[in-house]
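In the UniProt record's numbering, the protein residues as written are 1 to 120. The structure under discussion appears below in the form of structure tokens.
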Amino acid sequence: MRFVIDPASSVPAYEQIVRQVVDGAANGTLQAGEKLPTVRALAAELGLAVNTVAKAYRELEMRGAIETRGRAGTFVTGETRDRDAAVAAHEYVRKARALGLSETEMLAQVRHALGITSAP
1 MRFVIDPASS VPAYEQIVRQ VVDGAANGTL QAGEKLPTVR ALAAELGLAV NTVAKAYREL
61 EMRGAIETRG RAGTFVTGET RDRDAAVAAH EYVRKARALG LSETEMLAQV RHALGITSAP
């Protein structure tokens, strides 16, 4: 997987990395067991500080999306709660778009499902 950072984005670089890994795992771009670049290698590739990439990897480890296996490296984990939730969210959006729902209508349906609002 190739990582891309948008320096003009209001989203911090570390969060962009986190989102790309989580989304990649959800949509199949990243497979369980796939090895990720080392922190130093990814930092050099993206032109970021090592600490920025390390922060992203720590966040991903806390979420259970990746695991570090000592000198063997860092790998995408298997089934995780966040991964399953991301898959479900992507599937919902795909189906809702196929039904012609707008973003506002999709969010209204989610709020209703959560019990935050009455039926849309």
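Just so you know, even glycine gets a beta-carbon here, dropped at the ideal spot from N, CA and C.
Check	Outcome
Taking 8 Å as the threshold, find out whether the region 91-98 comes into contact with the region 38-56 through three or more Cβ pairs.	no
Is the beta carbon of Arg-1 sitting closer than 8 Å to the one on Thr-29?	First, the amino acid is wrong: residue 1 is Met here, not Arg. Taking 8 Å as the Cβ cut-off, Met-1 and Thr-29 qualify as a contacting pair.
Can you tell me the Cα-Cα spacing of Asp-84 and Gln-20, whole angstroms?	15 Å
What residues in its chain sit with their C-beta under 8 Å from that of Lys-55, if we drop five residues either side in the sequence?	Tyr-14
So Lys-35 packs on Phe-3, CB below 8 Å; how close in whole Å?	Actually they are not in contact, since the Cβ atoms of Lys-35 and Phe-3 sit about 14 Å apart, beyond 8 Å.
For Thr-52, does the three-state DSSP call read helix, strand or coil?	helix
What did DSSP end up calling residue 122 once you bin it into helix, strand or coil?	Coverage of the chain is limited to positions 1 through 120, which leaves residue 122 absent and any answer about it impossible.
Which residue marks the beginning of the alpha helix (DSSP H) containing Val-39, and which one marks its end?	39-46
Alpha carbon to alpha carbon, how far is Val-11 from Glu-67?	24 Å
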